[in-house]
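J.: One structure, pasted below without further comment.
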Amino acid sequence: MKLVLALLPLTLLAADQPDRLAKEVRHELVMLPYYTIFDNLAYRVDGSKVTLFGQVVNPVLKSDAGNVVKKIEGVTSVDNQIEVLPLSPNDDRLRIAVYRAIFARPELQRYSMGAIPPVHIIVKNGNVTLVGVVDNATDKNVAGIAANGVPGVFKVTNELQVHKEVG
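Its first residue numbered 0, the sequence shown is counted upward by one per residue in numbering that gives the first Met the number 0.
Rendered as structure tokens:
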């Protein structure tokens, strides 16, 4: 049994997870049309059971994630524990402000590019959580400091992982 903490680079954390099923789950989740930098999707495969975790801004993304995973051959059950973040104009403002603060830094701009950026920004009730993978500890720290400098942010939890530590 294995928990995949973030979809972005999706590092496999244990050898006992069925690779085919894990790859198919990852593929289906990253292909969801409403999956953005402000969402965090994670999953665990235990035999033929898939448990979904994370936080999403759009409630449709939660139901779509559960539905696409249910259709994967070999999946017998899906436990959808994805949290739908509360609607909040203040959190929406903070999402954009934190995004700008982080990716305005020249050393972090590369993480904002691509269809599936490796850094995700989760905002709930003024609290920010950074998840994903960066290349080095300096980038992790700079992202956390940038997010912490945004007015209106109550707390920053920096869960970014350094690429070399993940594999």
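Note that CB positions come from ideal geometry on N, CA and C, so glycine has one too.
1) Of the choices Val133, Val122, Pro32 and Val29, whose alpha-carbon is the least far from that of glycine 151?
2) Residue ranges of each beta strand (DSSP E) run of no fewer than 3 residues wholly in the segment 24-90, ordered along the chain?
3) Check this for me: beta carbons of alanine 126 and phenylalanine 153, under 8 Å apart or not?
4) Is the separation between the beta-carbon of phenylalanine 52 and that of arginine 94 shorter than 8 Å?
5) Using DSSP's beta-bridge definition, name the partner residues of isoleucine 95.
6) Give a yes or no on contact between the segment 137-147 and the segment 74-91, applying the rule of three or more CB pairs nearer than 8 Å.
7) Is the distance from the Cβ of valine 130 to the Cβ of asparagine 39 below 8 Å?
8) Quick check: what's the CA-CA separation for aspartate 90 versus valine 83?
9) For aspartate 15, count the other beta carbons within 10 Å of its own beta carbon; 16 or more makes it buried, fewer makes it exposed. Which is it?
10) Going by DSSP in three states, valine 169 sits in which element: helix, strand or coil?
11) Can you find at least 3 beta carbon pairs, one from the segment 104-115 and one from the segment 140-147, that sit closer than 8 Å?
12) Excluding five sequence neighbours on each side, which residues of the same chain lie with their C-beta closer than 6 Å to the C-beta of valine 118?
13) Report the residue from Val55, Val161 and Arg92 whose alpha carbon sits nearest the alpha carbon of threonine 35.
14) Would you mind sorting lysine 163 into buried or exposed? The rule is 16 or more other CB atoms within 10 Å of its CB.
15) Spatial neighbours of lysine 48 within its chain, please: CB distance less than 8 Å, with the 5 preceding and 5 following residues excluded, ordered by chain position.
16) Apart from the five residues on each side of it in sequence, which residues of its chain come closer than 7 Å, Cβ to Cβ, to lysine 61?
17) What's the call for glutamate 72, buried or exposed, on a 16-neighbour Cβ count within 10 Å?
T.: Answer, in terms of the structure:
1) By alpha-carbon distance to glycine 151, the top candidate from Val133, Val122, Pro32 and Val29 is Val122.
2) As far as the segment 24-90 is concerned, its whole beta strand (DSSP E) runs of at least 3 residues are 39-45, 48-55 and 76-79.
3) The sequence shown places asparagine at residue 126, rather than the alanine named in the question. Cβ distance < 8 Å, so asparagine 126 and phenylalanine 153 count as in contact.
4) For the 8 Å CB-CB criterion, phenylalanine 52 and arginine 94 do not form a contact.
5) DSSP output for isoleucine 95 lists no bridge partner at all.
6) Cβ pair count under 8 Å is below three, so no.
7) Yes.
8) Each residue's Cα considered, the two are about 13 Å apart.
9) With a pLDDT of 44 at aspartate 15, under the threshold of 50, the modelled position of this residue cannot be trusted, and the question is left open.
10) Residue numbering for the chain in the displayed model covers 0 to 166; residue 169 lies beyond these limits and cannot be assessed.
11) Enough Cβ pairs lie closer than 8 Å, so yes.
12) Taken in chain order, the residues that qualify are Tyr110 and Gly131.
13) When each option's Cα is compared against that of threonine 35, the closest is Val55.
14) By the 10 Å Cβ count, lysine 163 comes out exposed.
15) For lysine 48, where only same-chain residues beyond five positions count, the Cβ hits under 8 Å are Val74, Thr75, Ser76, Val77 and Asp78.
16) Answer for lysine 61: Val55, Asn79, Ile81 and Val83, listed in chain order.
17) Within a 10 Å sphere around the beta-carbon of glutamate 72 sit fewer than 16 other beta-carbons, which makes this residue exposed.
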